[in-house]
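*Asks:* Please read through the structure below; I'll follow up with questions.
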Amino acid sequence: MAAEATAQLNRERIRSMIEREAARLDERTQGSAAMYDRARRSLSGGVASSYQARDPFPIYLTTGAGPVVNDVDGNRMWDFHNGFGSMVQGHAHPAIVRAVGERVAEGTHFAATTEDGILVAEELQRRFGLERWRFLNSGSEATMDAIRIARAFTGRDQVVKIFGSYHGHHDAVMVSIGVEYDQIGDRENYASLSYGAGIPQAIVDLTVAVPFNDAGAMERRIERMVAEDRKPACVIMEAAMMNLGVVLPEDGYLEEVRELTRRHGILLIFDEVKTGLAIAPGGATERFGVKPDMVTIAKTLGGGLPSAAIGGSEEVMALVEDGTVYQVGTYNGNPLCMAAARASLLEVLTPDAYAHIDALNDRILAGCQSVIERHGLPGYAIGIGAKGCVTFSPAKVTDYESFKANQDVEVTELAWLFNMNRGIFMTPGREEEWTLSVTHTNEAIDAYVAAFDEMAAELTA
Ligand SMILES: Cc1ncc(COP(=O)(O)O)c(C=O)c1O
16 MAAEATAQLN RERIRSMIER EAARLDERTQ GSAAMYDRAR RSLSGGVASS YQARDPFPIY
76 LTTGAGPVVN DVDGNRMWDF HNGFGSMVQG HAHPAIVRAV GERVAEGTHF AATTEDGILV
136 AEELQRRFGL ERWRFLNSGS EATMDAIRIA RAFTGRDQVV KIFGSYHGHH DAVMVSIGVE
196 YDQIGDRENY ASLSYGAGIP QAIVDLTVAV PFNDAGAMER RIERMVAEDR KPACVIMEAA
256 MMNLGVVLPE DGYLEEVREL TRRHGILLIF DEVKTGLAIA PGGATERFGV KPDMVTIAKT
316 LGGGLPSAAI GGSEEVMALV EDGTVYQVGT YNGNPLCMAA ARASLLEVLT PDAYAHIDAL
376 NDRILAGCQS VIERHGLPGY AIGIGAKGCV TFSPAKVTDY ESFKANQDVE VTELAWLFNM
436 NRGIFMTPGR EEEWTLSVTH TNEAIDAYVA AFDEMAAELT A
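For the sequence shown, my numbering assigns the number 16 to the initial residue and increments by one for each residue that follows.
This is the structure in structure tokens:
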């Protein structure tokens, strides 16, 4: 919750601190600048994915070990980015290195299921309480296939999602994410806006966004869709939003969504690409005690290898089993990925590991909150499991509208630069949060809090 802010932030000072820290970072990362000059001649924008780009140039990494990464300039940093939340195991975890090493020597791909895939499915079934599983290679593939299964199950085309939520880069979900505010319209009746070009408007129009943490608005929109003869197949959502910093569900919200989707015969998909395996052994499904019809998991699943999964009830997944829906892919259940996932689930992400992560997150959240209160900064620390952030906002953020209206873009930018110059590797972009790993220590946490304290002191001096 937002603490009483006493400090009046001096905008000129923030901007001069940004300028100073940006210059310092440029100076310390000249190897990345040179690599960018070379990379952009062959790689579009000098990066493999647009989310890796950064102005004036991206930071190129070389190696990682446990909670530490190194860049091409030899800067050694505590990793709080963790591959957009994929590396809850830490880098090069011995159990995963061993499992992958053994598997490499035994053949890496057959397009036939190996026993590791069965072990992983059994463990996911146990953790999430959903009966049937399939594998894929990325979070985007998982949400794409989950929506297709929901459409087939219900015989309907429309999809409801949460305004501002990211579910991957396929057409059905690249809708109403980072939009211009004057176009989105009324909260009760948001427009369906394409996220980037190249998505047919006919597909965009099939997806309707509603605000997070407002079951009433969701139900009213669904009722209007029913009246317009376009009842949705599914609601796809994160149970806790992870692409606006962290926004937790208000008490009772998820239960209401579960009740209303069930009452209307609409499938509920929890997109656990970020939350699954990172915030609890059984993800948000376990942590919040609300069971969806399907979950999608990726990121943490493969310990850094491209892996994803869909879990669903026996009834829903029967459409996959009987061939009604083609849930397919050459690399699905790839032996190397499954070996990594098996080692990760059975040897690394143990109950003790989750207890360690929870204790670390309590420490970083308490440390950051104490900095905020001592300096009277507008903002609050918030998190769950391996995830968290400081939200620089004078008011509590509950959805995308309150995030956009209140988040202090300049301080968020400054915090990223400040961290990078003090050995804290964070995701560029103001919507992201930290991810802790099982290999993080109190020393790493205290380094993060110390960098934040230094920034807060200078900001409010
Ligand atoms: C909640 C959520 N769903 C889906 C995706 C897409 O996953 P991927 O990038 O593996 O395709 C992401 C990626 O950040 C995500 O955060």
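By construction, the Cβ of each residue, glycine as well, lies at the ideal position given by its N, Cα and C atoms.
Would you check if the region 386–393 and the region 343–362 touch, i.e. whether three or more CB-CB distances between them fall below 8 Å?
*Replies:* Counting Cβ pairs under 8 Å, fewer than three are found: no touch.
*Asks:* Are the beta-carbon atoms belonging to residue 327 and residue 309 less than 7 Å from one another?
*Replies:* Taking the sequence shown and counting its residues from 1, one reaches residue 327 at position 312. Taking the sequence shown and counting its residues from 1, one reaches residue 309 at position 294. Closer than 7 Å, so yes.
*Asks:* Rank 262, 258, 203 and 273 by C-alpha distance to the C-alpha of residue 182 and give the top, closest one.
*Replies:* For the purposes of this step, residue 182 is identified with residue 167 of the sequence shown, where counting begins at 1. Comparing Cα positions, the closest option is 258.
*Asks:* Do the region 428–442 and the region 271–278 touch if we need at least three Cβ pairs shorter than 8 Å?
*Replies:* At 8 Å Cβ cutoff, the stretches do not touch.
*Asks:* Does the beta-carbon of residue 286, which I'm using as the reference point, lie nearer than 6 Å to any heavy atom of ligand 1?
*Replies:* Taking the first residue of the sequence shown as position 1, residue 286 is located at position 271. Yes; taking the cut-off as 6 Å, the Cβ of residue 286 has a heavy atom of ligand 1 nearer than that.
*Asks:* Report whether the distance from the Cβ of residue 253 to the nearest heavy atom of ligand 1 is below 6 Å.
*Replies:* Working through the sequence shown from its first residue, we reach residue 253 at position 238. Yes, since a heavy atom of ligand 1 falls inside the 6 Å radius drawn around the Cβ of residue 253.
*Asks:* Mapping DSSP to helix, strand and coil, what is residue 112?
*Replies:* Taking the first residue of the sequence shown as position 1, residue 112 is located at position 97. Residue 112 falls in the helix class under three-state DSSP.
*Asks:* Taking its Cβ as the centre, do 16 or more other Cβ atoms sit within 10 Å of residue 168, making it buried, or is it exposed?
*Replies:* Along the sequence shown, read from residue 1 onward, the residue named residue 168 stands at position 153. Buried.
*Asks:* Please identify the residue among 285, 201 and 241 whose C-alpha is closest to the C-alpha of residue 143.
*Replies:* By 1-based counting over the sequence shown, the position of residue 143 is 128. Taking only the C-alpha atoms, the option nearest residue 143 is 285.
*Asks:* For ligand 2, I want to know if residue 101 counts as a neighbour, meaning its beta carbon is within less than 6 Å of at least one of the ligand's heavy atoms.
*Replies:* Judged by which ligands are present, ligand 2 is missing from the structure shown, whose ligands are ligand 1.
*Asks:* Any heavy atom of ligand 1 closer than 6 Å to the CB of residue 506?
*Replies:* The structure shown does not extend to residue 506, since the chain is modelled only from 16 to 476, so the question has no answer here.
*Asks:* For residue 228, I'd like the list of residues in its chain whose CB is within less than 6 Å of its CB, leaving aside the five on either flank, ordered along the chain.
*Replies:* Start at 1 with the first residue of the sequence shown, and residue 228 comes out as number 213. These residues qualify, in order along the chain: 265, 268, 413 and 414.
*Asks:* Between residue 154 and ligand 1, is the CB less than 6 Å from at least one heavy atom?
*Replies:* For the purposes of this step, residue 154 is taken as the residue at position 139 of the sequence shown. It does: the Cβ of residue 154 is within 6 Å (strictly closer) of some heavy atom of ligand 1.
*Asks:* Verify whether the separation of the beta carbon atoms of residue 440 and residue 423 is less than 7 Å.
*Replies:* Translated into the one-based positions of the sequence shown, residue 440 becomes position 425. Translated into the one-based positions of the sequence shown, residue 423 becomes position 408. For residue 440 and residue 423, no; Cβs fall outside 7 Å.
*Asks:* Rounded to whole angstroms, what's the CA-CA distance from residue 313 to residue 163? Just pull it up for me.
*Replies:* As a first step, residue 313 is located in the sequence shown; it is residue number 298 there, counting from the start. As a first step, residue 163 is located in the sequence shown; it is residue number 148 there, counting from the start. The straight-line gap from Cα to Cα measures roughly 18 Å.
*Asks:* What residues are listed by DSSP as bridge partners for residue 67?
*Replies:* Position 52 of the sequence shown, counted from the first residue, corresponds to residue 67. Its beta-bridge partners do not exist; DSSP assigns none.
*Asks:* Note down, in chain order, each residue of its chain lying with its Cβ closer than 6 Å to the Cβ of residue 54, except the 5 sequence neighbours on either side.
*Replies:* Reading the sequence shown from its first residue, position 39 is the one you call residue 54. Closer than 6 Å at the Cβ level, and outside the excluded window around residue 54, lie 61.
*Asks:* Can you give, in chain order, each stretch of the beta strand (DSSP E) that sits fully within the region 323–370 and has at least 3 residues?
*Replies:* The qualifying runs are 323–327.
*Asks:* How would you label residue 58, buried or exposed, when you count the other beta carbons within 10 angstroms and need 16 or more for buried?
*Replies:* Along the sequence shown, read from residue 1 onward, the residue named residue 58 stands at position 43. Counting Cβ neighbours within 10 Å, residue 58 comes out exposed, since fewer than 16 surround it.
*Asks:* Under 8 Å, with one C-beta from each stretch per pair, do the region 136–150 and the region 285–297 reach the 3-pair mark?
*Replies:* A contact exists between the region 136–150 and the region 285–297.
*Asks:* Which word fits residue 81, buried or exposed, when buried means at least 16 other C-beta atoms lie within 10 angstroms of its C-beta?
*Replies:* Reading the sequence shown from its first residue, position 66 is the one you call residue 81. Answer is buried; the Cβ neighbour count reaches 16.
*Asks:* On the three-state DSSP scale, how would you describe residue 240?
*Replies:* The residue given as residue 240 occupies position 225 in the sequence shown. Note: residue 240 maps to helix in three-state DSSP.
*Asks:* Answer yes or no: the CB of residue 176 versus the heavy atoms of ligand 1, is any distance below 6 Å?
*Replies:* For this step, residue 176 is matched to residue 161 along the sequence shown. The answer is no for residue 176.
*Asks:* Do you know how far the Cα of residue 335 is from the Cα of residue 281?
*Replies:* Translated into the one-based positions of the sequence shown, residue 281 becomes position 266. Translated into the one-based positions of the sequence shown, residue 335 becomes position 320. Rounded to the nearest angstrom, the two C-alpha atoms are 18 Å apart.
*Asks:* Comparing C-alpha positions only, which one of 154, 217 and 150 sits nearest to residue 173?
*Replies:* Indexing the sequence shown from 1 puts residue 173 at position 158. The shortest C-alpha separation from residue 173 is found at 217.
*Asks:* The alpha helix (DSSP H) that contains residue 285, what's its start and end?
*Replies:* Residue 285 sits at position 270 when you count from the first residue of the sequence shown. Where residue 285 is concerned, there is no enclosing alpha helix (DSSP H), although the beta strand (DSSP E) it sits in stretches over 282–286.
*Asks:* Going by other Cβ atoms of all chains shown within 10 Å of its Cβ, with 16 needed for buried, is residue 319 buried or exposed?
*Replies:* Here residue 319 corresponds to residue number 304 of the sequence shown, with the count starting at 1. Its Cβ being crowded by 16 or more others within 10 Å, residue 319 is buried.
*Asks:* If I follow the unbroken alpha helix (DSSP H) through residue 159, where does it start and stop?
*Replies:* Here residue 159 is taken as the residue at index 144 of the sequence shown, counted from 1. Unbroken alpha helix (DSSP H) run through residue 159: 154–169.
*Asks:* Please determine whether the Cβ atom of residue 313 lies at a distance below 6 Å from any heavy atom of ligand 1.
*Replies:* Counting from one through the sequence shown, the residue named residue 313 turns up at place 298. Checking every heavy atom of ligand 1 against the Cβ of residue 313, one is found closer than 6 Å.
*Asks:* Helix or strand or just coil, what does DSSP make of residue 257?
*Replies:* Along the sequence shown, one-based indexing puts residue 257 at 242. In this structure, residue 257 counts as coil in the three-state DSSP scheme.
*Asks:* If you follow the beta strand (DSSP E) that residue 216 is part of, which residue opens it and which one closes it?
*Replies:* In the sequence shown, residue 216 corresponds to position 201, counting from 1. No beta strand (DSSP E) holds residue 216; the alpha helix (DSSP H) holding it covers 216–219.
*Asks:* Assess contact between the region 373–380 and the region 330–344, defined as three or more Cβ pairs (one per stretch) separated by less than 8 Å. Is contact present?
*Replies:* Touching, no.
*Asks:* Contact check, residue 180 vs residue 208 under 8 Å by CB: the rounded distance?
*Replies:* Reading the sequence shown from its first residue, position 165 is the one you call residue 180. Reading the sequence shown from its first residue, position 193 is the one you call residue 208. Their Cβ separation, rounded to whole angstroms, is 13 Å, which puts residue 180 and residue 208 out of contact at 8 Å.
*Asks:* In the structure shown, what three-state DSSP assignment does residue 489 receive?
*Replies:* For the chain, the structure presents residues 16 to 476; residue 489 sits outside this window and is missing.
*Asks:* Going by alpha carbons, who is nearest to residue 2 out of 83, 399 and 270?
*Replies:* Outside the displayed range of the chain (16 to 476) lies residue 2, so it cannot be described from this structure.
*Asks:* Where does residue 200 land, buried or exposed, given buried means 16+ other C-beta within 10 angstroms?
*Replies:* Sequence index remark: in the sequence shown, residue 200 carries index 185 (1-based). Burial call: exposed.
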